[in-house]
Amino acid sequence: YTQVIPGCFFRLGVRNEARGIIHNVHTPLFDIDENAIEIGMGTMAWLGARTLVR
22 YTQVIPGCFF RLGVRNEARG IIHNVHTPLF DIDENAIEIG MGTMAWLGAR TLVR
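Quick note on numbering: the sequence shown equals residues 22 to 75 in our numbering.
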């Protein structure tokens, strides 16, 4: 699809060893550090706003 429309991909880490959130996705013990969601959404909003300015 990016051959037609420019796009990007980024990976957001959601582990937090200090809080015991250490298991990988697709495992029964997987959990997510919810603070990562705020960081990820902030990054996506910033990228979107920056793209619109161009």
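Quick reminder that beta carbons are idealized off the backbone N, C-alpha and C, glycines included.
A distance below 7 Å between beta-carbons, with the five flanking residues on each side excluded, links alanine 57 to the following residues of its chain, in chain order: Leu33, Gly34 and Val35.
Checking the DSSP bridge columns, you'll see isoleucine 60 has no partner listed.
In this structure, the straight-line span from the alpha carbon of glutamine 24 to that of phenylalanine 30 is close to 14 Å. Taking the Cα positions, histidine 47 is about 17 Å away from glycine 41.
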